[in-house]
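Colleague: Just so it is clear: in the sequence shown, position 94 is 85 by this note's numbering, and no numbers are missing.
Where a beta carbon is used, it is the ideal one built from N, C-alpha and C, also for glycine.
Quick one: this structure, given as structure tokens, is what I'll be asking you about.
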Amino acid sequence: MNDSRLLGLTGTLTTRSGEDYRDEYNDVVPNESTSTVKCWWQQTQAVDDTVDTAQATETARLFIEAGATVNATSTLAIGDATWEIVGPPWKVTDPRTGVVTHIEANGRRVR
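Encoded structure:
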């Protein structure tokens, strides 16, 4: 089965790559690239902390089309939600064909 056909959403993937550089004011400017990818997400946890704070935390498993450039500094915007990648993403391979079907990553909602 081709899992990529299950990726029914479109997202904007922003990936930092290479070395950052400094502008004329000596401020660090990240080297970023942006691309549109097919994707999907599944919520893995949602927590509302009410002790001494009013904070909600949400995590998800992110599914991204094969061939996308993703690393641990990437962010994925899907609709009004922005997810940052937590830890290294991994390629999922079809055991029958040996072809990478998609990329999975853990994500934390930042917006």
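(1) Measuring straight from C-alpha to C-alpha, what distance separates SER26 and ILE55?
(2) Given a cut-off of 9 Å, decide if GLY2 and ILE69 are closer than it, judged by their beta-carbon atoms.
(3) Going by C-alpha to C-alpha distance, which of THR48, GLY(-1), LYS29 and GLU23 sits closest to THR35?
(4) Figure out for me which residue from ALA72, ASN62, TYR16 and ASN17 has the closest Cα to the Cα of LYS82.
(5) Ends of the beta strand (DSSP E) at PRO79?
(6) In angstroms with no decimal places, state the Cα-to-Cα distance between LEU21 and GLY89.
Modeller: On the basis of the supplied data:
(1) Looking up residue 26 in the sequence shown gives position 35. Looking up residue 55 in the sequence shown gives position 64. Approximately 12 Å between the Cα atoms of the pair.
(2) To locate residue 69, count along the sequence shown from 1; it is residue 78. To locate residue 2, count along the sequence shown from 1; it is residue 11. It is a contact, given that the beta carbons lie within the stated cut-off.
(3) For the purposes of this step, residue 35 is taken as the residue at position 44 of the sequence shown. The residue with the shortest Cα to Cα distance from THR35 is THR48.
(4) If you number the sequence shown from 1, residue 82 lands on position 91. Ranking ALA72, ASN62, TYR16 and ASN17 by Cα distance to LYS82 puts ASN62 first.
(5) Within the sequence shown, residue 79 is the residue found at index 88, counting from 1. 72 to 84 is the extent of the beta strand (DSSP E) around PRO79.
(6) Counted from its first residue, the sequence shown places residue 21 at position 30. Counted from its first residue, the sequence shown places residue 89 at position 98. The sequence given here places Pro at residue 21; Leu does not occur at that position. Their Cα atoms are separated by approximately 35 Å.
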